[in-house]
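Some notes on the structure that comes next.
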Amino acid sequence: MIIEIIFFIGLIIFNIFLSFIYFSLFRKMNAKLQGRKGLLFIVPKDLRKIIGFTKIMQQFYDVVKLFYKETIIPKNSHRKIFIISPIISLILSIIIIPFLYFPVINTYQQFRFISFDLIIITYAIILIHVFWNIGAYASGSPWAYIGIERSEKLNFFAQISFISSIFSIAILANSLSIKEIVLKQSIPYILLNPFSAIAFILFTLANFHLKPFDMSEVEVEVVSGPFTEYSGKLLGLIELTKTILFYINSIIFINIFLKSGEFFSSSIINLFLLLILTGLFIVFLSIINNIFPSYRIDQALRFYPILVIMFSILSLIISFIYRISFW
Amino acid sequence: MIESSIKNILEDLSSLIIETHDIKINKQLSKILTINKEKLIDVAKKILKNYNARLVHEILIDLGIDGFKIIQLYELLDKEGKPYYHIGIESYFSREESKVSSLAAITYQANWAEREAMELLGIEFEGHPDKRHLFLPYEWPNEVEAGMEEAKKIGFNVFPKPEPPNILPIGPYHPALLEGVFLRLKVDGETIVDADLKPGFNHRGIMKLGEERSYWRNLYLFERVCGICSADHTNAYVLAVENLFNIEPPDRAKYIRTLGIELERIASHLLWLGIAGDLIGFKTFFMWCWREREKAIDLLERLAGNRVTKGIARFGGAKRDLKKEEIDKMIEKLEDIKKSVEKLIDIAYNNSILRKRTEDIGILDFSNAKELGAVGPVARASNWKIDVRHDCPFDAYSPEYTTWDVITDNGKDVWARVIVRVKEILVSIDICNQCLNALKEIGGEIITSEKYEINKGEGVGKVEAPRGELIYYLMSNGEPIPYCVRIRTPSYRNNAVVPFILKGYKISDAPIIYGSVDPCMSCTDRVQIVNVKTGEKKNVTLNDLVKGVNK
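Protein chains in written order, with my numbering: chain A, 1 to 327; chain B, 328 to 878.
Listed below in structure tokens is the structure:
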């Protein structure tokens with residue numbers, strides 16, 4: 001029992017560490033594409049030792065820094081909800097971690113009694129956003145209100161996209177368990193049902209406020225949108241949740257669409273492949289994030305729902321056709 | 328046309344004119360007509376309507392025990408709206424009768440100038456539609472003096488009170504603006520119903536400081552008015568001094584000054600283009616534009632020796648010369664910049680989202696641009712061919728030195744302002760090349776050796792800064808320190824236009840619409856230092872300030 005608890009804690013810490021690495025990769029890619037150069041390139045060699053290798057763990061420093069800062073709670077906010085929402089969001093994001101599938105570290109063994117982990121993950125991801133928005137609403141900031149309004153308008157369709165994408169894969173595999181979905185993929189599902197993968201990517205762009213769908217959080221318009229009034233430790237919790245959720249989202253994509261990298265007989269090689277594929281997915285997201293400006297909410301709502309509904313329906317139809325024809 | 332217009336105006340106003348005298352504005356000798364202050368409003372109506380004029384600036388001067396002097400500087404326009412001649416209307420009044428009819432009641436162009444004069448000099452403009460403070464805090468020093476009671480009647484209540492939830496405060500500090508300014512949006516859902524702008528968060532008292540320093544020391548002060556267009560500020564000030572004391576710089580210096588101004592325009596427009604990208608969430612474009620801007624800054628550093636305070640103009644010349652080898656390197660670098668800018672233009676033209684975010688928003692048509700007093704690229708994007716370099720040439724902008732075209736666009740929207748600025752970068756590169764080629768061929772001194780005397784009089788220096796028309800007015804009483812300095816920056820005019828071009832658009836459009844005028848608060852803000860605690864009003868001199876610091 002003690003070994004299992006230690007294993008679980010270790011697993012969560014390892015995944016949080018990985019999430020920081022991947023978020024740093026995302027930020028690094030953004031910087032590369034934008035042609036930004038950090039201190040390490042321009043300061044004299046002697047000074048580089050003092051500055052340290054911040055380029056790798058900048059996201060980690062940013063989050064840790066927030067935990068040292070003062071937390072300001074707005075006077076006209078609903079104090080309890082304002083504080084508790086980011087905490088619940090973080091707990092939900094951590095809950096998902098053990099359900100992710102890894103070659104070698106088969107965490108799913110601990111949850112063998114649950115055969116519907118995809119449902120848990122779907123609910124947890126959606127609830128994280130719900131709690132963020134509840135906390136933001138409790139802040140009483142007009143910027144937060146605008147941010148929530150925009151976020152909800154877009155998330156309504158984004159969640160349709162997510163659910164249809166996830167469940168069209170579940171239909172293909174005839175299972176609600178990530179492990180079974182991975183093991184049943186003789187051909188990666190991205191090839192069998194590319195529309196489902198597109199629907200997932202559409203969800204990812206809106207869910208993580210990546211361009212061109214970052215209108216609910218775009219700084220120059222709505223400061224930080226839902227998170228405008230958050231500061232210090234509470235903002236640190238939100239940043240931590242975002243970092244973990246971004247990693248979870250990417251791993252889920254590789255798990256359900258790219259066979260979790262299990263293309264070889266060696267588990268170690270497969271694990272490396274999983275990590276590389278996750279990195280490539282993040283690089284792809286970064287490229288999209290950098291080649292577009294952000295849409296206005298009315299402009300986005302003119303075509304985003306159409307794309308979402310189109311790809312969602314197509315992904316479900318394809319899954320049904322495969323299901324009826326081959327199984 | 329100029330002679331007939333002057334003749335007509337003089338005949339028309341002959342019964343009102345007390346006396347006339349000349350003033351030099353760049354290379355143009357212009358007339359100042361002195362009239363009785365009671366007749367100011369009638370004269371303004373005649374000039375604005377009958378002669379299709381625009382008000383360049385309304386300058387108020389404190390003459391001490393002699394009272395006040397008001398100068399309304401107009402520019403006459405032809406049928407197409409192209410300026411061709413300056414004319415000034417001057418009037419005097421005592422401290423006891425410090426009341427004048429407001430010109431803002433008939434033209435919005437006087438609005439900010441009169442509000443500034445009301446709050447800083449205590450002059451009352453009768454019939455002014457908006458008597459609120461402009462630069463001082465709303466509550467200073469008390470509600471009555473701040474014009475709060477009267478302000479309530481004009482519809483938009485902008486004072487700090489418990490607000491209804493549909494007022495969105497952008498600023499004083501907001502990621503979209505970065506400089507201290509308070510832009511309040513009254514919104515209905517996501518639609519902007521009304522807007523109000525309050526500058527004055529960056530108090531420096533720079534015009535007052537200018538009246539405490541010698542002409543020479545002011546060179547270093549005025550290049551610090553704005554970090555983006557410091558060469559233009561120095562050039563405008565130097566032109567004003569040269570006009571005041573009749574100094575003529577040599578040709579080589581004119582080319583060097585022009586080169587400095589044009590390089591600064593390239594750097595400024597690239598900076599703006601990047602910011603415009605950022606304001607619609609296009610961070611990559613922002614970074615790329617700023618990377619290219621560095622190249623222009625490098626050239627400015629080569630020319631002026633500095634990267635921020637780039638003032639190259641000196642009384643009767645320029646401060647540094649360029650060697651032939653340097654000229655060749657600069658031509659090469661300019662070619663490099665041109666290629667990069669063309670790539671950026673390609674990206675801007677072909678990015679559908681960028682166009683969608685900038686087209687058909689922030690519309691300012693020709694008549695509104697003229698009535699509200701827009702200048703620079705903002706006016707030119709409304710198809711108004713107005714450019715100081717062309718209308719009132721200075722330095723090496725006359726056709727005998729350089730040839731080029733004024734860029735205009737009839738789009739009237741934010742996209743048109745993007746187009747005008749990117750095309751202007753290419754024109755500036757062309758002018759720079761012409762200047763560099765001329766510098767290769769001509770020799771001579773870079774500063775005149777002729778001596779000049781400090782006389783009594785007035786001088787105006789007018790240049791086309793990257794943001795538009797920049798004016799320096801100087802008044803000398805024969806001492807080595809200017810008696811009066813008045814600066815009218817382009818942002819002073821364009822910022823005033825912002826509330827009008829925001830109405831009816833979405834909240835998401837607000838940053839890019841406001842950004843499209845290229846707002847610069849540092850050159851707009853100014854204030855007189857007062858003792859708020861005791862209510863005592865006195866002008867604090869530089870020496871007093873130094874004593875205060877030393878204590």
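Glycine residues also receive a C-beta, built at the ideal position from the N, C-alpha and C atoms. Quick caveat: nothing in here was measured; it's all calculated off a predicted structure.
Curious, which full-length beta strand (DSSP E) runs of at least 3 residues does the segment 337-396 of chain B contain? Counting only runs of 3 or more, we get 344-352, 355-362, 380-389.
Mind checking SER325/A: buried by the 16 CB within 10 Å criterion, or exposed? With fewer than 16 other Cβ atoms within 10 Å, it is exposed.
Neighbourhood of GLY601/B by C-beta distance below 6 Å, restricted to the same chain and skipping five residues each side: Contacts found: PHE613, CYS616, TRP617.
Can a CB atom of chain A be found closer than 8 Å to the CB of LEU681/B? True, the Cβ-Cβ gap to chain A drops below 8 Å.
From which residue to which residue does the beta strand (DSSP E) around LEU801/B run? 795-804 is the extent of the beta strand (DSSP E) around LEU801/B.
Using the Cα positions of SER267/A and ILE3/A, report the straight-line distance between them to the nearest angstrom. One C-alpha to the other measures close to 23 Å.
Which of the three DSSP states is assigned to LYS334/B in this structure? Assigned with DSSP and collapsed to three states, LYS334/B falls in helix.
Tell me the rounded alpha-carbon separation between VAL715/B and SER161/A. Each residue's alpha carbon lies about 56 Å from the other.
Per-residue DSSP class, three states only, for GLU477/B: Note that GLU477/B scores 49 on pLDDT, short of 50, meaning its location in the model is unreliable and no value can be drawn from it.
TRP742/B burial status per 10 Å Cβ neighbour count (16 or more: buried): Classified as buried, TRP742/B has 16 or more neighbouring CB atoms from the shown chains inside 10 Å of its CB.
Is TYR189/A closer than 8 Å to ILE276/A when the C-beta atoms are compared? Cβ distance not < 8 Å, so ILE276/A and TYR189/A don't count as in contact.
Check for me: the beta strand (DSSP E) holding PHE509/B runs from which residue to which? If you look at PHE509/B, you'll find it in the beta strand (DSSP E) that goes 509-515.
Compute the distance between the beta-carbons of LYS830/B and ILE494/B, then report whether it is under 8 Å. Inclusion of LYS830/B and ILE494/B in the CB contact set at 8 Å is not warranted, their separation being larger than that value.
Bridge partners of ASP521/B, per DSSP? By DSSP's assignment, ASP521/B forms a beta bridge with LYS513/B.
Where the segment 181-199 of chain A meets chain B: residues whose CB sits under 9 Å from a CB there: Flagged: no residues at all.
When you compare the segment 760-768 of chain B with the segment 575-583 of chain B, are there three or more beta-carbon pairs, one atom per stretch, that lie closer than 8 Å? Result yes; three or more Cβ-Cβ pairs closer than 8 Å.
Quick one: give me the first and last residue of the alpha helix (DSSP H) that ILE555/B is part of. It is not in any alpha helix (DSSP H) - ILE555/B carries neither H nor E in the DSSP assignment.
Can you give me the C-alpha to C-alpha distance between LEU118/A and PHE303/A, rounded to a whole angstrom? Distance between the alpha carbons of LEU118/A and PHE303/A is about 29 Å.
Can you name, in chain order, every residue of its own chain whose Cβ lies under 7 Å from the Cβ of SER24/A, other than the five neighbours on each side? The residues are ILE56, MET57, GLN58, GLN59.
Quick one: give me the first and last residue of the alpha helix (DSSP H) that LEU536/B is part of. 533-537 is the extent of the alpha helix (DSSP H) around LEU536/B.
How is the beta strand (DSSP E) around PRO323/B delimited, first residue to last? Any property of residue 323/B remains undetermined from this structure, which presents chain B solely from 328 to 878.
Nearest CA to the CA of ILE121/A: which residue from HIS129/A, PHE99/A, PRO103/A? For ILE121/A, the nearest C-alpha among the options comes from PHE99/A.
If you run the structure through DSSP and keep just helix, strand and coil, what is SER266/A? Under the three-state reduction of DSSP, SER266/A is assigned to coil, being neither helix nor strand.
Please give me, in chain order, every unbroken run of the beta strand (DSSP E) with length at least 3 that falls completely inside the segment 766-840 of chain B. Qualifying beta strand (DSSP E) stretches, in chain order: 783-792, 795-804, 811-815.
Can you tell which of LYS373/B, ASN570/B, ILE368/B, ALA837/B has its C-alpha closest to the C-alpha of GLU780/B? Ranked by how close their Cα comes to the Cα of GLU780/B, the residues LYS373/B, ASN570/B, ILE368/B, ALA837/B have ASN570/B in first place.
What do you get for GLY703/B, buried or exposed, if any count of 16 or more other CB atoms within 10 angstroms of its CB means buried? So GLY703/B counts as buried.
May I have the straight-line CA-CA distance separating GLN855/B from LYS622/B, to the nearest angstrom? Because GLN855/B sits at a pLDDT of 44, beneath the cut-off of 50, its placement in the model cannot be relied upon, and the point is left open.
What are the boundary residues of the alpha helix (DSSP H) that includes ILE190/A? 189-192 is the span of the alpha helix (DSSP H), which, as asked, contains ILE190/A.
Just the C-alpha distance for ILE734/B and ARG794/B, rounded to the nearest angstrom, thanks. Each residue's alpha carbon lies about 14 Å from the other.
Note down, in chain order, each residue of its chain lying with its Cβ closer than 8 Å to the Cβ of ASP663/B, except the 5 sequence neighbours on either side. Around ASP663/B: LYS622.
Kindly give me the distance between the Cβ atoms of SER115/A and LEU176/A, rounded to whole angstroms, as I take these residues to be in contact under 8 Å. About 7 Å separates the beta carbons of SER115/A and LEU176/A, which is inside the 8 Å limit, making them a contact pair.
If you run the structure through DSSP and keep just helix, strand and coil, what is PHE326/A? In the structure shown, PHE326/A sits in a helix (DSSP, three-state: H, G or I).
Chain A within 8 Å of ILE333/B, Cβ atoms only: Interface flag for ILE333/B against chain A is unset, since no Cβ pair is found closer than 8 Å.
May I ask you to list the residues that DSSP assigns as paired with SER115/A? Its beta-bridge partners do not exist; DSSP assigns none.
Once DSSP output is grouped into helix, strand and coil, what is the label at VAL749/B? The answer is helix: DSSP assigns VAL749/B an H, G or I state.
Kindly indicate the opening and closing residues of the alpha helix (DSSP H) around LEU25/A. 2-34 is the span of the alpha helix (DSSP H), which, as asked, contains LEU25/A.
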